[in-house]
Amino acid sequence: MKHKERGNTHMAKEQLIFCGSSETFLDKALTADSNADNGGNAFRIPSLVNANGTLIAAIDRASCGADWGYIELAVRRSEDGGETWSPIETIAAPPARETKISADCYASAFYIDPCMAVAPNGDVILLADFWPECKGLHNQHLLDKHKVPYAQLSGRMRPLIYDRDGNFYYIEESGAVLDSQKQPTPYRLGSGFGDLYKGDEYVGNIYLNGAVGKNEAGAVTTFGAPLKAPKRCYVFMLRSSDRGKTWSDPVDITNMVLHETDGTFLGVAPGAGITTTDGRIVMPLYVDRKSTVSIYSVDNGDTWHRMTSQPYAENTDEWQMVEAPDGSIVGFGRQKRFGKTPMSISANKGKSWSKCGKTGLYAPKCQKSVIAVGDTVFCSHPSGHTRENGMLSVGKLRRKKGGYTHVDWVRHLPINQGFFAYSCLAQIDAHTLGVLYEDRPSSHIQFQTFELAELMG
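Take the sequence shown: its letter number 251 is residue 250 in numbering that gives the first Met the number 0, and every next letter is one higher.
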């Protein structure tokens, strides 16, 4: 192990924030802690932000422990620094036609990989992947690699849907469906998410494939429509203007940031984005060949941008970022195997990026979380050669040629022993950090706090 120093620090008692109820995905003894406030069949992928004094914890709430199947987005809130939490609430439910409690079932659309940030106006912005019925990246033969998802209509990019013969149709902002010659059809999108009508007759959901099947997750189920959205990853946004109490319907922002070279996967890097000192929201994304993507908003998330002349952000895979004292942004990637962590830097608020080598933060291939307080960087990550032994590493950003391109890692403090995977850090107040993390392969999400003074020595 190549960490320079390990130490002990005062840690609050672990709090179980999300707990699975299915013995298929979690040890029987642990499922006993699942209840109406924290429970569901399975959970993965935590996101955590502090929205002006209210902690919001977001999660994938799934029918099974896989990266496909029926997956909702859910949240819990704390108004007392993490001492107590509100009951779990689903904020986005995908269309589904079957919801078996089994990884063999993928007869559902699904959300996955939440990433939150707090906008300058106080709104909470949540981005997540949305997939039509398929297995996501785990069976790419099911994806529609040759179907264009958007096209120009009356000067604006509009979604396309396709019939079984490969003919495409435009969806107007009103929900009306036009054929490829831009002529009216009897079809229209209704008020339900992806629900298609032919006149007044409901004819199914554009994100699903076939007939209704077994429903073991208590979801609302339906059947596939004759016109379908291309099977690919979409980036959807939800917004809360009351610190997580209520949320908007999901909105597709993919067309604002999609590049022609992205392929069928432009997805969200889970965890947290940042809001810079000058009011820009910057969010981490990535593409299937593991290049990273940075998108940003200067209007509280109403519109999103990506630098088309340099569409990729010179890092690898799922990544997170911090703002340095000089206003530059430093990105930390997910390495391909156990070893040092790749870094990149942006001198123009996330528009373009350059590599700055690797930093001596050793971890396996796994998402990590980073947060900065001044020139001090905190990173939560597994420290073993596999996803185990959670660590909170403390480093100092150092200026070298090209800006803050170096980190001196000065302390490494244990979070837990045993399994540790995805995590998310948030500053609770001037004295405290919180971390939300997975301590089982599925369905068991813990929360801990750390005193900043002790972390910083």
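Ideal placement from N, C-alpha and C gives every residue a C-beta, glycine not left out. Note that the coordinates shown come from a computational prediction; the quantities given were computed from them, not determined experimentally.
Environment of P341 [buried if 16+ CB atoms lie within 10 Å]: Taking the first residue of the sequence shown as 1, we reach residue 341 at position 342. With at least 16 other beta carbons inside 10 angstroms of its own, P341 counts as buried.
Are the CB atoms of I294 and G349 nearer to each other than 9 Å? Position 295 of the sequence shown, counted from the first residue, corresponds to residue 294. Position 350 of the sequence shown, counted from the first residue, corresponds to residue 349. A contact, by the Cβ cut-off of 9 Å.
Evaluate H411 with the Cβ neighbour count: other Cβ atoms within 10 Å of its Cβ, from every protein chain shown; 16 or more gives buried, anything less gives exposed. For the purposes of this step, residue 411 is identified with residue 412 of the sequence shown, where counting begins at 1. With 16 or more Cβ atoms within 10 Å of its Cβ, H411 is classed as buried.
Which residue comes first and which comes last in the alpha helix (DSSP H) that contains T184? Position 185 of the sequence shown holds residue 184. Residue range P183 to L188 is occupied by the beta strand (DSSP E) that includes T184, with no alpha helix (DSSP H) assigned at that position.
Which whole-angstrom value is the C-beta distance of L72 and V267, which I expect to be below 8 Å? For the purposes of this step, residue 72 is taken as residue 73 along the sequence shown, with counting starting at 1. For the purposes of this step, residue 267 is taken as residue 268 along the sequence shown, with counting starting at 1. V267 and L72 do not touch by the CB rule: their CB atoms are close to 11 Å apart, not below 8 Å.
Determine the burial state of E259: buried for a count of at least 16 other Cβ atoms within 10 Å of its Cβ, exposed for fewer. Here the question's residue 259 lines up with position 260 in the sequence shown. Looking at its Cβ environment, which holds fewer than 16 other Cβ atoms inside 10 Å, E259 is exposed.
For M255, which three-state DSSP category applies? Position 256 of the sequence shown, counted from the first residue, corresponds to residue 255. In this structure, DSSP gives M255 a helical state, which the three-state scheme calls helix.
With a cut-off of 8 Å on the beta carbons, I'd call C365 and A420 a contact; round off their distance for me. By 1-based counting over the sequence shown, the position of residue 365 is 366. By 1-based counting over the sequence shown, the position of residue 420 is 421. Rounded to the nearest angstrom, the Cβ distance from C365 to A420 is 6 Å, consistent with a contact under 8 Å.
On a CA-only basis, which of G272, G359 and D298 is nearest I370? Give me that one, please. The count along the sequence shown starts at 1 and reaches residue 370 at position 371. Looking at the Cα atoms, G272 is the closest of the given residues.
My parser needs the alpha helix (DSSP H) runs of 4 or more residues fully inside the stretch 219-276; what are they? Listed in chain order, the complete alpha helix (DSSP H) runs (minimum 4 residues) inside the stretch 219-276 are 253-256.
Given T307, which residues of its chain have a CB within under 8 Å of its CB, disregarding the five upstream and five downstream residues? On the sequence shown, position 308 is the one that residue 307 refers to. Here the set comprises H258.
Rounded to the nearest angstrom, what separates C378 and T221 at their Cα positions? Numbered from its first residue, the sequence shown carries residue 378 at position 379. Numbered from its first residue, the sequence shown carries residue 221 at position 222. Taking the straight line from one Cα to the other gives about 43 Å.
Taking 9 Å as the threshold (C-beta atoms), are S422 and K367 in contact? For this step, residue 367 is matched to residue 368 along the sequence shown. For this step, residue 422 is matched to residue 423 along the sequence shown. The answer is yes: Cβ separation under 9 Å.
Ends of the alpha helix (DSSP H) at K348? Within the sequence shown, residue 348 is the residue found at index 349, counting from 1. Segment: none, K348 is in no alpha helix (DSSP H) and carries neither H nor E.
Simplified DSSP state of T302, which is helix, strand or coil: Taking the sequence shown and counting its residues from 1, one reaches residue 302 at position 303. Three-state result, T302: coil.
Take I124 as the anchor and find which of I55, N388 and K181 has the nearest alpha-carbon. Taking the first residue of the sequence shown as 1, we reach residue 124 at position 125. Of I55, N388 and K181, the residue nearest in Cα terms is I55.
On the three-pair Cβ rule with 8 Å, is the stretch 150-157 touching the stretch 185-192? Counting Cβ pairs under 8 Å, fewer than three are found: no touch.
9 Å Cβ cutoff met for F42 and H443: The count along the sequence shown starts at 1 and reaches residue 42 at position 43. The count along the sequence shown starts at 1 and reaches residue 443 at position 444. Yes, the Cβ-Cβ distance between F42 and H443 is below 9 Å.
Could you name the residues of the same chain whose beta carbon sits closer than 6 Å to that of H405, not counting the 5 residues immediately before and after it, in chain order? Counting from one through the sequence shown, the residue named residue 405 turns up at place 406. Counting only Cβ-Cβ distances below 6 Å, and skipping sequence neighbours, we find R397 and K399.
Between the stretch 22-32 and the stretch 423-438, do three or more beta carbon pairs fall short of 8 Å? By the Cβ rule, the stretch 22-32 does not count as touching the stretch 423-438, because fewer than three pairs are nearer than 8 Å.
Measuring alpha carbon to alpha carbon, tell me which of D128, D162, N204 and F192 ends up nearest T184. On the sequence shown, residue 184 is found 185 positions in, with the first residue counted as 1. By alpha-carbon distance to T184, the top candidate from D128, D162, N204 and F192 is D162.
Option in R279, W318, V372 and I58 with minimal Cα separation from I87: Residue numbering aside, residue 87 sits at position 88 when the sequence shown is read from its first letter. For I87, the nearest C-alpha among the options comes from I58.
In terms of residues, what are the limits of the alpha helix (DSSP H) holding A106? By 1-based counting over the sequence shown, the position of residue 106 is 107. Where A106 is concerned, there is no enclosing alpha helix (DSSP H), because DSSP gives it neither an H nor an E.
Within its chain, find whatever has a CB closer than 6 Å to the CB of R5; leave out the 5 residues flanking it on each side and keep chain order. Indexing the sequence shown from 1 puts residue 5 at position 6. Low confidence applies to R5: its pLDDT is 46, below 50, so where it sits in the model is not reliable, and the reading given next is rough at best. Cβ neighbours of R5 beyond the five flanking positions: H411.
Best match in Q319, T291, D248 and T263 for proximity to T274 [C-alpha to C-alpha]: As a first step, residue 274 must be located in the sequence shown, where it is residue number 275. It is Q319.
Taking the straight line between their C-alpha atoms, what separation do you get for R333 and A323? Within the sequence shown, residue 333 is the residue found at index 334, counting from 1. Within the sequence shown, residue 323 is the residue found at index 324, counting from 1. Rounded to whole angstroms, the gap between the alpha carbons of R333 and A323 is 20 Å.
According to DSSP, is G6 part of a helix, a strand, or is it coil? Residue numbering aside, residue 6 sits at position 7 when the sequence shown is read from its first letter. Per-residue confidence for G6 stands at a pLDDT of 47, beneath the threshold of 50, marking its modelled position as unreliable; no derived number is given.
H137, DSSP secondary structure in three states: Position 138 of the sequence shown, counting from 1, holds the residue named residue 137. Three-state DSSP puts H137 in a helix.
I believe G81 touches Q182 by the beta-carbon criterion, under 8 Å. Please report the beta-carbon distance rounded to the nearest angstrom. Stepping through the sequence shown from its first residue, residue 81 is reached at position 82. Stepping through the sequence shown from its first residue, residue 182 is reached at position 183. The C-beta separation of G81 from Q182 comes to about 56 Å, leaving the pair out of contact by the 8 Å criterion.
In angstroms, rounded to a whole number, what distance separates the CA positions of P148 and E172? Start at 1 with the first residue of the sequence shown, and residue 148 comes out as number 149. Start at 1 with the first residue of the sequence shown, and residue 172 comes out as number 173. Taking the straight line joining both Cα atoms gives about 15 Å.
Cα-Cα separation, A116 to I70: Walking along the sequence shown from the start, residue 116 turns up at place 117. Walking along the sequence shown from the start, residue 70 turns up at place 71. About 21 Å.
Out of Y196, V372 and N40, point me to the one whose CA is closest to G394's CA. Numbered from 1 along the sequence shown, position 395 holds the residue referred to as residue 394. Selected option, being the one with the closest Cα: V372.
Give the secondary structure of E453 by DSSP, where H, G and I count as helix, E and B as strand, and everything else as coil. Position 454 of the sequence shown holds residue 453. Three-state result, E453: helix.
Please confirm whether I280 and A50 have their CB atoms less than 9 Å apart. Here residue 280 is taken as the residue at index 281 of the sequence shown, counted from 1. Here residue 50 is taken as the residue at index 51 of the sequence shown, counted from 1. For I280 and A50, no; Cβs fall outside 9 Å.
By Cβ distance below 7 Å, which residues in the same chain neighbour L142 in space, the five residues on each side in sequence not counted? On the sequence shown, residue 142 is found 143 positions in, with the first residue counted as 1. Apart from the 5 residues on each side of it in sequence, L142 sits with its Cβ closer than 7 Å to the Cβ of C133, K230, R231 and T263 in its chain, given in chain order.
Mind listing, in chain order, the continuous beta strand (DSSP E) runs of no fewer than 3 residues lying wholly within the stretch 396-424? Within the stretch 396-424, the complete beta strand (DSSP E) runs of at least 3 residues fall at 402-413.
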